[in-house]
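A.B. asks:
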Amino acid sequence: MRALVEHCRAQPAAYEVVRVLSDKPAAAGLALARDLGIAAAAVPASGGAAGNPSGREEYDSRLAAAIDECAPALIVLAGFMRILSPEFVNRYEGRILNIHPSLLPKYPGLHTHRAVLAAGDPVHGATVHFVTAELDGGPPIVQAMVPVRPADDEATLAARVQAEEHRIYPLAVGWYCEGRLRCREGRAWLDGKALDVPVQYRGGDLPGGAPRGGQRGAAPGSR
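Residue numbers in the sequence shown follow the working numbering, run continuously in steps of one, and reach 234 at the last position.
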């Protein structure tokens, strides 16, 4: 979340983060947002709701109401670890982005750095994707890769991946808010072309140029 805010404030950007929401009232991200002058609020879950489908739907209804108050063009998940209901995802179809610390479709879910090390993979990375009802299964947009070094542990590998996350997430958000990126027919489309494979980020503002225009975004987050 900090990377998204800092990016849009450091240069003319296509987006503005207008509200930060979390399911955890004590989340550090809420305090950070307020320090940065961004409206922030908790939408806490009621007891036992997380594993209860009806409780999840009730929570998602309250979350949607909080999001709709600021009418964002785009919802950006940043460390928001709750599984969203299909009803919630369908309500904002094509308007939710997430970032996952692996080169999807490899290693969906948790503990991706551990899985990469256990498998002996030579490369790791991160993927920005549209959110669908399938966990970490939405159309991928852009990926960044990092080498896995012999001395790496989970912490060192996670730090290197996170540095790339902070580069590609603002890039994808900018593409969307410029009108260049959309989700149609179950695929990501960039500049009017379907992405058969995600864009591979290798530095710079690729593809395309400097951000333009301006739209509003909300960032539900737990970190």
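Glycine included, every Cβ here is placed at the ideal spot set by N, Cα and C. Treat the numbers as computed from the prediction; the structure is a model and nothing was measured.
#1: At the level of alpha carbons, what is the spacing between Cys19 and Pro133?
#2: Using 8 Å as the threshold, is the stretch 135 to 150 in touch with the stretch 109 to 120, meaning 3 or more CB pairs across them?
#3: Going straight from the alpha carbon of Ala51 to that of Phe91, what length do you get?
#4: Could you check the C-alpha separation between Gln211 and Glu68 for me, to the nearest Å?
#5: In this structure, what does DSSP give as the bridge partners for Trp200?
#6: Alpha carbons only, please: which of Ser57, Pro151, Ser65 and Ala42 is nearest the one belonging to Arg193?
#7: From which residue to which residue does the beta strand (DSSP E) around Glu165 run?
#8: Helix, strand or coil for Val54? Go by DSSP, reduced to three states.
#9: Go through its chain and collect everything with a Cβ distance to Asp71's Cβ below 8 Å, but skip five positions before and after it.
#10: Would you mind giving the Cβ-Cβ distance between Ile86 and Glu176, rounded to the nearest angstrom? I have them listed as a contact below 8 Å.
#11: At the level of alpha carbons, what is the spacing between Ala89 and Val127?
#12: Does His18 come out as helix, strand or coil in the three-state DSSP assignment?
C.D. replies: According to the structure data:
#1: 33 Å
#2: Yes: at least three Cβ pairs fall under 8 Å.
#3: 14 Å
#4: 36 Å
#5: Arg193 and Ala205
#6: Pro151
#7: It is not in any beta strand (DSSP E) - Glu165 instead sits in the alpha helix (DSSP H) that spans Glu165 to Cys188.
#8: coil
#9: Leu95, Ser96, Glu98 and Phe99
#10: No, Ile86 and Glu176 are not in contact; Cβ-Cβ is about 17 Å, not under 8 Å.
#11: 22 Å
#12: helix
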